[in-house]
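A.B. asks: Each residue of the sequence shown is one higher than the last, beginning at 326 in our numbering.
We treat Cβ as the ideally placed atom computed from N, Cα and C, and that holds for glycine.
All figures in this text were calculated on a predicted structure; none of them were measured in a lab.
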Amino acid sequence: MRRRIDGGSSFEREYGYSRAVMQNGFVFVAGTTGYDYAAMTMPDEAGAQAEACWRTIAGVLDQAGSSLEQVVRATYYVTDRADAEAVLTVCGRVLRESRPAATLVVVAGLLRPEMKVEIEVTAVVPEG
326 MRRRIDGGSS
336 FEREYGYSRA
346 VMQNGFVFVA
356 GTTGYDYAAM
366 TMPDEAGAQA
376 EACWRTIAGV
386 LDQAGSSLEQ
396 VVRATYYVTD
406 RADAEAVLTV
416 CGRVLRESRP
426 AATLVVVAGL
436 LRPEMKVEIE
446 VTAVVPEG
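1. Helix or strand or just coil, what does DSSP make of V385?
2. In its own chain, which residues sit with a C-beta less than 6 Å from the C-beta of A427, not counting the 5 before and 5 after it?
3. Does the distance from the C-beta atom of G384 to that of V450 stay below 8 Å?
4. Closest by CA to D387, which one among I444, R327, M326 and D331?
5. Under the DSSP definition of a beta bridge, which residues are partnered with L435?
6. Thinking Y362 and G333 are a contact (beta carbons under 8 Å), I'd like their distance in whole angstroms, please.
7. I think V442 touches A371, with their Cβ atoms under 8 Å apart; what is that distance to the nearest whole Å?
8. Select from Q395, P368 and I382 the residue whose C-alpha is nearest the C-alpha of V354.
9. Once the 5 residues before and after D408 are set aside, which same chain residues still bring their CB inside 8 Å of it?
10. Could you compute how far the alpha carbon of M365 sits from the alpha carbon of Q374?
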């Protein structure tokens with residue numbers, strides 16, 4: 326059975342996607358940027374954006390009955406190679422226990438110029 330999870334971003338409705346989709350025991354979380362979706366604000370610094378990404382992702386995983394400890398795959402996108410260390414430091418702290426298969430990609434840009442980081446993950450939903 327497929328279940329969509331709304332993350333509270335107006336982007337989801339406007340651009341026709343779900344923050345996450347649950348199916349076959351997995352939660353597939355869409356690329357998540359550092360917005361505080363309630364205030365539609367974003368920190369300037371890449372590490373702070375990564376922290377905000379993880380807060381959103383953790384909330385979505387919780388709605389799905391999963392958690393950051395259940396993340397099995399992660400992809401990090403950064404727009405500036407110089408920000409990679411700050412982002413990876415945050416990711417390393419957040420995922421210290423789950424240590425998923427992960428990839429960091431330096432990209433030319435994201436949808437909006439203020440976006441410096443985007444993170445997408447796949448997690449399992451524990452049986453129970």
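C.D. replies: So, from the listed chains and residues:
1. helix
2. A399
3. no
4. D331
5. DSSP output for L435 lists no bridge partner at all.
6. 5 Å
7. 5 Å
8. I382
9. A371, G372, K441 and V442
10. 13 Å
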